[in-house]
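Numbering (full-length UniProt numbering), first residue to last: 9 to 345. We put the CB at the ideal spot given by N, CA and C, even for glycine. A quick note: this is a predicted structure, and the numbers were derived from the prediction, not measured. Following: one structure in C-alpha cells, then a few remarks.
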Ligand code: NDP
C-alpha cells in the first residue's frame with residue numbers, strides 16, 4: 009500500500025518537499041480491528057495546523073508519521089463484529105491507500121442514502137461546522153445580515169444557505185468572479201464580494217447597507233479588518249477558522265490594532281466566540297443530519313465538490329487549498345468506489 013508522511017515542517021506556505029510518498033507492507037488486523045481500503049480522503053484547512061509543532065487544540069503530526077485526515081473507505085478484512093467485508097465506512101485513516109483501524113473509530117455508511125463523498129463534506133464535518141457554529145453561536149434572525157468568507161467552500165456555502173433558510177440576508181465573500189457568480193446563481197446568496205478586488209472594503213460596505221449582524225469568521229486577516237467597522241450593535245461572531253493566517257510565521261508589520269478591536273467589542277456589545285465543531289457533536293449532530301439531508305432532498309440546498317484523482321496528488325491539492333485553488337469541498341479520490 010502507499011501512504012504520504014510528513015517529511016518536514018513548513019516555514020510559511022507548505023511545499024511539496026514537506027511531504028513524502030512511501031510504499032509500505034500492510035499489517036494484519038488484530039482483534040477488534042478492521043483493514044480498510046481508502047476511497048476518498050478529505051483535505052481540510054486544519055491539516056496546516058497539524059503540520060506545525062505550535063500549540064493548538066490538537067497534537068501535531070510527528071515527522072515521518074502519516075498525515076491525518078478523514079476518509080471514506082471499504083472494509084477489506086474485519087476482526088470486529090460490527091463490520092463485514094464490503095461495508096463502506098467513515099473514519100480517520102489519513103493520507104494512505106489502506107489502513108488498519110480500530111472498529112470503534114469507524115461508522116458504517118449507507119451508500120444508497122447519499123453519495124459516499126458527502127460523508128466528509130456537506131453531510132459530514134464541514135457541513136456540521138457551519139450548522140452548529142451558525143445556529144448555536146451566530147443565531148441569525150429573519151431580516152438580519154449574515155456575512156461569511158470562503159463562501160464557495162463546504163463551510164461557507166452551508167453557512168450562507170442555512171442563513172437564507174432562517175430568513176436572513178446572506179452576503180458571501182470569495183476569491184474571483186467565478187466563485188462570486190456561483191454564490192449568486194447556484195447558492196442563492198443575496199450579494200457576493202470578491203476579496204481580491206482593490207476596492208474590497210468599499211464593496212463590502214455597499215453590499216451590507218444595514219450593517220452586519222452575524223459575521224461567521226472563516227478567514228481572519230484583511231477580510232476580518234474590513235468586516236469589523238460594519239458590525240452592528242449586539243452582532244455575533246462565531247470564530248470558526250483563520251485560514252488567511254495559517255501560513256503566517258510571525259506577527260504582521262504595522263500598527264497595533266488590538267486596542268481598536270477591543271473598542272469595537274465594547275461600544276458595539278459584540279459577542280465573539282471561538283469553537284471547534286466537535287464541542288457540539290453530541291448535542292446537534294442528529295439534528296444536522298436530519299435537516300441538511302432533508303433540505304438537499306427538497307432541492308433547497310446545493311453543494312459542490314472538487315475531486316482530485318490519486319493519492320500522489322494530495323500534497324499539491326492541499327497546498328492549493330490554502331491559496332483558494334479549490335472550488336468546492338476538496339476531496340482526493342484515492343481509489344474507485
Ligand atoms: P474551503 O474549501 O472553503 O477552503 C478554504 C478557502 O479559504 C479557499 O478556497 C479560499 O477561498 C479561502 N481563502 C484562503 N486564503 C484566503 C485569504 N487570505 N483570504 C480570504 N479567503 C481565503 O475550506 P473549508 O470550508 O473546509 O473551511 C473554511 C474555514 O473553516 C477554514 O478556516 C477552516 O479552518 C475552518 N474550519 C473550522 C472548523 C472548526 O471546528 N472550528 C471545522 C472545519 C473548518 P477563496 O478562493 O474564496 O478565497
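Alpha-carbon to alpha-carbon, residue j and residue i
i: residue 181; j: residue 235; result: 11 Å
i: residue 3; j: residue 22; result: The requested residue 3 does not occur in the structure, where the chain is confined to residues 9 to 345.
i: residue 40; j: residue 74; result: 22 Å
i: residue 97; j: residue 77; result: 14 Å
i: residue 257; j: residue 70; result: 19 Å
i: residue 9; j: residue 105; result: 6 Å
i: residue 172; j: residue 288; result: 22 Å
i: residue 4; j: residue 272; result: Since the displayed the chain opens at 9 and closes at 345, residue 4 lies outside it and no answer follows.
i: residue 88; j: residue 114; result: 11 Å
i: residue 118; j: residue 251; result: 32 Å
i: residue 112; j: residue 275; result: 49 Å
i: residue 154; j: residue 223; result: 6 Å
i: residue 63; j: residue 306; result: 43 Å
i: residue 2; j: residue 163; result: Beyond the ends of the chain as shown, which are 9 and 345, falls residue 2; an answer cannot be given.
i: residue 86; j: residue 101; result: 15 Å
i: residue 126; j: residue 92; result: 22 Å
i: residue 323; j: residue 230; result: 26 Å
i: residue 239; j: residue 268; result: 13 Å
i: residue 167; j: residue 139; result: 7 Å
i: residue 191; j: residue 36; result: 47 Å
i: residue 249; j: residue 226; result: 4 Å
Under the three-state DSSP convention, the category residue i falls into
i: residue 147; result: coil
i: residue 186; result: helix
i: residue 208; result: helix
i: residue 180; result: strand
i: residue 227; result: coil
i: residue 130; result: coil
i: residue 193; result: helix
i: residue 45; result: strand
i: residue 200; result: strand
i: residue 331; result: coil
i: residue 162; result: helix
i: residue 124; result: helix
i: residue 237; result: helix
i: residue 232; result: helix
i: residue 8; result: Only positions 9 to 345 of the chain appear in the structure, and residue 8 is not among them; the question remains open.
i: residue 32; result: coil
i: residue 21; result: coil
Counterpart residues of residue i in DSSP-defined beta bridges
i: residue 50; result: 339
i: residue 14; result: 27
i: residue 173; result: DSSP lists no partner for residue 173.
i: residue 222; result: 154, 244
Any non-hydrogen atom of ligand 2 closer than 7 Å to residue i Cβ
i: residue 251; result: Although ligand 2 was asked about, the structure shown includes only ligand 1 as ligands.
Item to complete: Taking only runs that begin and end inside the stretch 276-329, name each unbroken beta strand (DSSP E) of 3 or more residues, in chain order.
Response: Taking only runs of at least 3 residues, the beta strand (DSSP E) segments lying wholly in the stretch 276-329 are 279-282, 313-317.
Worksheet entry | In chain order, each beta strand (DSSP E) run of at least 3 residues that lies wholly inside the stretch 52-118 | 79-86, 96-99, 106-110, 115-117, all fully within the stretch 52-118.
Worksheet item: What are the uninterrupted segments assigned as beta strand (DSSP E) that are 3 or more residues long and contained completely in the stretch 240-279, given in chain order?
Response: Entirely contained in the stretch 240-279, not one beta strand (DSSP E) run reaches 3 residues.
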